[in-house]
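Protein sequences, first through last, are from chains A and B.
Take 69 as the starting number for the first sequence in the numbering used here and just add one per residue.
Take 69 as the starting number for the second sequence in the numbering used here and just add one per residue.
Data block below; observations after.
Protein chains: 2
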Amino acid sequence: TDPPHSFFSLSPSSLSVDKESVQRQIDELSTFSDTPAPSVTRVLYSEKDVLARRYIKKLMEQAGLSVREDAVGNIFGQWSGSEPALAAVATGSHIDAIPYSGKYDGVVGVLGAVEAINLLKRSGFQPKRSLEVIMFTSEEPTRFGIGCLGSRLLSGSETLANALKETVDGQNISFFGAAKFAGYNIHEEHLSNVFLKKGSYFAFLELHIEQGPVLEDEGVSIGIVTAIAAPASINVEFEGNGGHAGAVLMPARNDAGLAAAELALAVEKHVLDSGSIDTVGTVGILELHPGAINSIPSKSHLEIDTRDIDEKRRNSVIEKIHQSAIDIAKNRRVKLSEFQIINQDPPALSEKSIINAMEVAAQHLNLSHKLMISRAYHDSLFMARISPMGMIFIPCYKGFSHKPEEYASIDDIANGVKVLALTLAKLSLATYCGAA
Amino acid sequence: TDPPHSFFSLSPSSLSVDKESVQRQIDELSTFSDTPAPSVTRVLYSEKDVLARRYIKKLMEQAGLSVREDAVGNIFGQWSGSEPALAAVATGSHIDAIPYSGKYDGVVGVLGAVEAINLLKRSGFQPKRSLEVIMFTSEEPTRFGIGCLGSRLLSGSETLANALKETVDGQNISFFGAAKFAGYNIHEEHLSNVFLKKGSYFAFLELHIEQGPVLEDEGVSIGIVTAIAAPASINVEFEGNGGHAGAVLMPARNDAGLAAAELALAVEKHVLDSGSIDTVGTVGILELHPGAINSIPSKSHLEIDTRDIDEKRRNSVIEKIHQSAIDIAKNRRVKLSEFQIINQDPPALSEKSIINAMEVAAQHLNLSHKLMISRAYHDSLFMARISPMGMIFIPCYKGFSHKPEEYASIDDIANGVKVLALTLAKLSLATYCGAA
Ligand SMILES: [Mn+2]
Ligand SMILES: [Mn+2]
Ligand SMILES: [Mn+2]
Ligand SMILES: [Mn+2]
């Protein structure tokens, strides 16, 4: 397993990250937001998303990468290797941000990837396999309720390609209409052009903040992800008769809002009953119609997220939630007008040889590291369907994410970039996945 | 108690309501809406509200009334009596409509009042005291969270006049800014000009759909209101740490959304525990922040409405809700960042002599009638603070209100208009309230 000479030539001291530039880029990118700083809100195909995409493409060009975009706006920046016929090694993440979130989630893995390329170029490294930076379209489900839209499509999801033809956002704007606004004139038949064949990439890597407190608590610099928890999301709707909040007496009511409140608490109960710390469940969206103080809710809409590293255990929680929804509807005489499992993805495992390459890189850089599970999902979950996959985590402040307080120090980011760069270099020289 | 000749000259057969016109007016008014038919949404000072106000003023002018508006847009149409120095007899209601509601709530009492005037004119009646039709500004709390804004101000609420200086809507538009959009350029010091002195009116009457099922169920044509239930509204906010729905494990959470769900169910419990059918409580608004499927709610906002005909019992429910909010916040380690009682009004009693005049009118018209309580509040609740008050209810379909299915038949509306007209006539001839 001796690495070839050109890999070891990357001595830790020769690998210097331009921290100032990376921090400036993070700060500049965060200004493309629909809510005031320190919060960031950058929603798929919005004006701010378009500006941010332009910013990323410019950085890729400045790094000397040749840039292309696919039909839905996944952006690829390639550094041609000396053997361009071989499958490339890819890395990347997303830059969309849910409402009122922070500036590091996803962003670190896109700007960090470009900086890893810059760093390898500065160090004089020449890749054999091409290296590719990917910025994925809509990792967050904010606008169309579909998480990892870009990578899911890259992984060849026919289901998604078909669903997108009918998909609309909360303002009833179609996916195609929104894309057109952002400059992507998608024809239905172009969607399958986005699909990548299995084997298109030799390996896929993603650098990301941990979004949990473990690395910070334990003072460890690098997390090496061995598996990504399996997420599922469910849309639920209850309907009752509504009516005037003063005039309809309590026994005559069938309040869709109270049904939703009961189900939210039932989700928590079933998750806790699983007995495993790894089971989580969240009601992040709960909306009442008509939403007036003097009107009994006639409709309620919930969106439930539940995840586990054990797919079977997670699916059993979903079944219990479904049973509760049925029971609540019956007891409260409301109609369960929707119980739709939007997605119910299997967990993904990192490739053994990539885990190994990341460990070697961290050791080479003398950085403390540990194997861990990703409880958040990432584009890597879908890239794993078409490519060997690995993820690098760095510590973030108190594990905060999806809120303005999200923070990662530039030193921790630089450590992540170096591990990424070394791993990319190592894999770009590898003959087959499993060798180094 | 013999009524004067000019009252008895109004024989039932001479009192014919122009049902076709009234129905057409109801239908026309319902088209000024921000949501599609059959729903109606007409929010204070919106473009549609401005158009609807113009429509009402035109109808008043066509009825020969002299029209004036006060600073906040309460609209008054006067028919001068033969003794204009005497306090006038007034009647009216509102035309604003909460989101996705119906076309009869309030509207019947405004269009019905104008038709009562037309009918009295057609019959040759000449009032002694002037008769006045009032269209109140914002009976519904939709936009600024303040119910009966216009009548509350007419009743001399200094508290409201002061609060309005700081009041903003959900989009952070100030009350004054919204009013300006609608053409009302209000100066702070003009607000107290809206106040009416006690005794400004000899009597105030309001015609309204029941918004409950009693009259329809029992086949009774006219409800004569003896008291209006006392409403209270409360704003609550919980705050937690939020975070990523995948990454933050269950024991580390303090979910502001689940705190809200628990409080909504606690409201129901305390209301049911009161032991009286007359106690009601509703959570009509429950909002989560940031409102993303993969984000733990870091903030929740509830608006609670609770009412009773017994003020003390209702206030005890409010105390229990407050205690629950405190307990839930403690157990869930969230912050109870707001528990604000927005209003906590006392119930209002109808004037004995006006009840009597309404009963006489119904008998004279040979209409079945019954004494009843209003569980919904109305502008009459506030007019009762400055004037003797009475209310006339008519049946409505299944008791539906605040939703598109709200309906009252034109025959029932015509019955209500006739009782209103006769009562207005009777009171306009009365020397002091209590005589006929
Ligand atoms: Mn995210
Ligand atoms: Mn992310
Ligand atoms: Mn109403
Ligand atoms: Mn009303």
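Glycine included, C-beta positions come from ideal geometry on N, C-alpha and C.
* Go through its chain and collect everything with a Cβ distance to A:Gly145's Cβ below 6 Å, but skip five positions before and after it. => Met128, Leu133, Val135, Val201
* Asked: Exposed or buried, B:Ala329, counting other C-beta atoms within 10 Å across all chains shown (16 or more means buried)?
  -> buried
* Nonlocal neighbours in the same chain, by C-beta distance under 7 Å from B:His390, ignoring five residues either side -> Phe407
* Since I believe A:Val108 is in contact with A:Ile481 (beta carbons under 8 Å), could you give me their beta-carbon distance rounded to a whole number of angstroms? => Rounded, the Cβ-Cβ distance is 16 Å, inconsistent with contact.
* Asked: Can you tell me whether A:Glu234 is buried or exposed, with buried defined as 16 or more other CB within 10 angstroms of its CB?
  -> exposed
* Asked: Hey, is A:His73's beta-carbon within less than 9 Å of any beta-carbon in chain B?
  -> The predicted position of A:His73 is uncertain, since its pLDDT is 43 and thus under 50; no value can be drawn from it.
* Asked: Does DSSP classify A:Tyr123 as helix, strand or coil?
  -> helix
* Using a Cβ-Cβ cut-off of less than 8 Å, list which residues of the stretch 81 to 110 of chain A approach chain B; keep chain order. => none
* To do: Let me have the residue list for ligand 2: C-beta closer than 5 Å to any non-hydrogen atom, ordered along the chain.
  => A:Asp173, A:Gly174
* **Three-state class that DSSP yields for A:Asp70 in the structure shown** => Note on A:Asp70: pLDDT 37, under 50, position unreliable in the model; the coordinate value appears next. Coil at A:Asp70, not helix or strand.
* Does any residue of chain B bring its CB to less than 9 Å from the CB of A:His369? -> no
* Asked: Residues of chain B with CB under 7 Å from A:Thr350, in chain order?
  -> Ala313, Ile364
* Proximity below 9 Å, CB of B:Gly310 to CB of B:Lys403 -> no
* **Local conformation of A:Gln408 per DSSP, three classes** => strand
* Asked: Would the C-beta of A:Ala444 count as close to ligand 1, meaning under 8 Å from any of its heavy atoms?
  -> yes
* Asked: Quick one: is B:Gly280 near chain A, going by C-beta distance under 9 Å?
  -> yes
* Asked: In three-state DSSP terms, what is B:Ala295?
  -> strand
* B:Lys471 versus chain A: which residues are under 7 Å apart at the beta carbon? -> Gly310, Gly311, Ser366
* Among A:Lys438, A:Ile124, A:Ser260, which residue has its Cα nearest to the Cα of A:Asp138? -> A:Ser260
* Asked: Leaving out the 5 sequence neighbours to the left and right, which residues in its chain are closer than 6 Å to A:Gly141 when beta-carbon positions are compared?
  -> Thr205, Tyr252
* **Under the three-state DSSP convention, the category A:Asn362 falls into** => coil
* Asked: With 16 other CB atoms within 10 Å as the buried threshold, where does A:Thr69 fall?
  -> Summary for A:Thr69: the model assigns pLDDT 35, below 50, so the residue's position carries little reliability; its value from the coordinates is reported in the next sentence. A:Thr69 comes out exposed.
* **Contact list for the stretch 329 to 353 of chain A against chain B, Cβ threshold 7 Å** => Ala329, Glu330, Ala332, Leu333, Glu336, Val339, Leu340, Ile345, Val348, Thr350, Val351, Gly352, Ile353
* **Contact residues within the stretch 427 to 461 of chain B, judged by C-beta distance below 9 Å to chain A** => Ser442, Arg443, Ala444, Tyr445
* What span of residues does the beta strand (DSSP E) with B:Val135 cover, start to end? -> 134 to 137
* What is the DSSP secondary structure of B:Pro80, counted as helix, strand or coil? -> helix
* Same chain only: Cβ atoms within 7 Å of A:Glu427, ignoring 5 sequence neighbours per side -> Ile292, His437
* Tell whether a beta-carbon distance below 9 Å holds between A:Ile364 and A:Arg321. => yes
* To do: Indicate, with yes or no, if ligand 3 has a heavy atom lying under 8 Å from the CB of A:His312.
  => yes
* Asked: To which residues of the same chain is B:Leu356 closer than 6 Å at the C-beta, ignoring the five residues directly before and after it?
  -> Gly325, Pro365, Ser368
* List the endpoints of the continuous alpha helix (DSSP H) containing A:Leu187. => 175 to 190
* Bounding residues of the beta strand (DSSP E) (the contiguous stretch that carries A:Met457) -> 457 to 462
* What residue range is occupied by the uninterrupted beta strand (DSSP E) comprising A:Thr103? -> A:Thr103 -> no beta strand (DSSP E), and no H or E assigned at all.
* To do: Return yes when the Cβ of B:Glu278 is within less than 9 Å of the Cβ of B:Pro106, no when it is not.
  => no
* Between which two residues does the alpha helix (DSSP H) carrying B:Ala393 extend? -> 379 to 400
* Unbroken stretches of the beta strand (DSSP E), 3 residues or longer, contained in the stretch 251 to 282 of chain A -> 269 to 277
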